[in-house]
Amino acid sequence: MAALRIPTPGRRFVISVPYVWLVVFFFLPFLILLYISFVDMGNDINPFKPIWDTQTGLLTLKYENYWSIFRREDGGALFDTIYIEAYVRSIWYALCTAALCLVIGYPFSYFIARAKPSVRPALLMMVMLPFWTSFLLRVYAWKGILADQGIVNQTLMWLGITSEPIFMLYTNVSMLVGMTYVYLPFMILPLYANLVKMDFRLLEAAYDLGASPFKAFWLVTVPLSKSGIVAGFMLVFIPSVGEFVIPSLLGGPENLMIGRVVWDEMFTSNNWPRATALAVVMIAFIVVPLAIYYHYTGESADERK
Amino acid sequence: MIAVLNRHISKVWMGAVFLFLYMPLFFMILFSFNDTRQDARFTGFSLRWYQALTNDSRIVDGFWLSVKIATVTGLLSATLGTFAAFVLVRYRRFPGRTIFSGMVNAPLVMPEVVIGLSLLLLMVGAQNFLGWPPRGMLTIIMGHTLLGMAYAMVVIQSRLMEMDRSIEEAAMDLGARPWQVFVLITLPSIAQAILAAFLLSFTLSFDDVVISEFLSGPGVNTLPQVIFGYARRGINPTIYAAATLLIITVTTVIIAYSVWVARQTRRREREIAAAMRAETAALS
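Heads up: the sequence lines are chains R and Z, in that order.
With this note's numbering as the guide, the letters of the first sequence map in order to residues 1 to 305.
With this note's numbering as the guide, the letters of the second sequence map in order to residues 1 to 284.
So this is what it looks like as structure tokens:
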């Protein structure tokens, strides 16, 4: 690594600009978040109490905010709370979304990767184009499409598949359609980037050795694209867990997701300490899969060497 | 036989996925011209929803506010993203580098609700201690820039990593100062990525609901917030009209950008070819 030795003052300036910004707008807010999750709830004017007791001056961390996430106050069974339910539901729907995106996106990415090199950029651009137009508006459109009198039901009735409209909007079906729709490009792009680099001579070799197309696909293509699958899965799963807008527009009242729960605790119950504790636990739920992800990508990077 | 079958499966599958991806767009464009409020049957052509759109002061105000916020966010994000990418790519070791790269990347994986909530707490704290900033446009810009900067950094970082360092080294050897090298060599060669980063963070900001909902104050509503409010209440073709205009704008910008990139690449290739010819001529 030769070259570009910016003198120390200049160098310090270049580093400090983004550094200070991030400390102020990322690190500090996170510390405040953590702090409030360990204090008592206050009143309307001051939604939380200071960490020190105003009379004795003693510092006490309040773990109750975390306890109340895992156990009901009247003392029920452990993990039997609406919060745990919301976490499990969010993770479950995020997993479903990622799985659906994989099932739809994998063949699609594979076909793009095997298309003529001259048409590939156009096909990719067609995948990206909807992504650049408002995500909110595209989600909103599904409301009209999936409505009782919407085009999906009209088509189904016209085809004679059903005689009465199927109730889809405001159920988990409409929510999963919306989430899959929004996050599909996040699955397609890493998969494509991976599959396009694949050496298709390996498949030919498998055919020559007598493998059926399915077997060759399962034993050669899929293992080779493992890192792309993991990357796509993570890119879909992570934002899906905290998704707020899609469940609000397309989900039903019984599909309460954790993002919504945090919002309600903050603005409806005005319980800041609990809202922050819920957020901290949510970060923990995100960091664990991420650690696994980095473990995997680190491994695949070594394999490439 | 299998190859033929394969080709058809691939066409059908790709067609179906593209239909899935584009159906909402076509749906909104079609029904924005409908002359009744219902969205199951197209009853006749009309421009009434476009008229309703221009008369809806909440949407119009929200649009201009969003344009302002997104422009400032885009500029700030591209600038900070350039700094951050430069630091990460070029400065291999300095104290706190690990924390730095962690902090730059973290907003990419944090749920927006958590980002919005923690920034709201920061703003409330700052208001208590400093009496500033008021919740509104400024706080929304700060929130959007935190997210936009992370995306901008990723885009610019990948360009910086593949950049040919030899030109910079040549400039250094010829006596250029570091800032001259940066302004005259580095910046022009990553300009395309910076523009892409600007467009990306502009779009993110223009589209964001969650962070704005957390950070906006009374009476301050960005376009997505207005639309989100309408959308929760039911179907309103005025929004389809807004969507149609947006789709047209975005498509135009993207096509213009691709044409610009293609032309830029072609010009560079021509210049390199010309330089090579000149060199050969000089040598012979």
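A virtual CB, placed ideally from N, CA and C, is assigned to each residue, including glycine.
Proximity to Z:F206 across Z:F214, Z:V183, Z:A193 and Z:Q225 peaks at Z:Q225, based on C-alpha coordinates. Put simply, the region 174-185 of chain Z does not touch the region 96-115 of chain Z. Fewer than three CB pairs are less than 8 Å apart. In terms of Cα proximity to R:G228, the closest of R:L195, R:A206 and R:L33 is R:L195. Beta-carbon to beta-carbon, R:R260 and R:S248 are separated by about 7 Å, close enough to satisfy the 8 Å threshold.
Ranked by Cα distance from R:K62, the first of R:C101, R:L34, R:L202 and R:R201 is R:L34.
When C-beta distances to chain Z are compared with 9 Å, the residues of the region 279-292 of chain R below that value are A279, V280, M282, I283, I286, V287 and L290, in chain order.
By DSSP's assignment, R:F48 forms a beta bridge with R:M41.
Here the C-alpha atom of R:S109 lies approximately 40 Å from the C-alpha atom of Z:S216.
In this structure, R:A193 lies away from R:A206, with their beta-carbon atoms at least 7 Å apart. Using a Cβ-Cβ cut-off of 7 Å, Z:F33 does not count as an interface residue toward chain R, since no Cβ of chain R sits closer than that to its own. Sequence-distant partners of R:L123 (beyond 5 residues in either direction) whose C-beta falls short of 7 Å from its own C-beta, in its chain, are I112 and A115. At a cut-off of 7 Å between C-beta atoms, Z:T265 does not count as an interface residue with respect to chain R. Within a 10 Å sphere around the beta-carbon of R:W67 sit fewer than 16 other beta-carbons, which makes this residue exposed.
Excluding five sequence positions before and after R:M198, the CB atoms of its chain that fall closer than 8 Å to its own CB belong to A113, T221, L224 and S225, given in chain order. Taking Z:L75 as reference, the option from Z:L120, Z:T203 and Z:L160 with the minimal CA-CA separation is Z:T203. Along the region 218-303 of chain R, the alpha helix (DSSP H) occurs as fully enclosed runs of 4 or more residues at 226-241, 245-250 and 258-267, listed in sequence order.
Residue burial is scored here from C-beta neighbours: Z:A262 has fewer than 16 other C-beta atoms within 10 angstroms and is therefore classed as exposed. A distance below 7 Å separates the beta carbons of Z:L160 and Z:I190.
For a cut-off of 8 Å, the C-beta gap from R:V241 to Z:P111 is around 7 Å, short enough to register as a contact. By the Cβ criterion, the region 236-243 of chain Z is in contact with the region 36-55 of chain Z, since at least three pairs of Cβ atoms, one from each stretch, lie closer than 8 Å. Relative to R:L136, the option among Z:P95, Z:G229, Z:V72 and Z:Q127 whose CA is nearest is Z:G229.
Closer than 7 Å to the CB of Z:L130 there is not a single CB belonging to chain R. Rounded to whole angstroms, Z:R268 and Z:Q180 show a C-alpha spacing of 22 Å. The beta-carbon of R:Y140 is placed less than 7 Å from the nearest beta-carbon of chain Z.
Around the beta carbon of R:T162, fewer than 16 other beta carbons sit within 10 angstroms, so the residue counts as exposed. Contacts between Z:Y257 and chain R, judged by CB atoms closer than 9 Å, are missing: the closest CB pair is about 10 Å apart.
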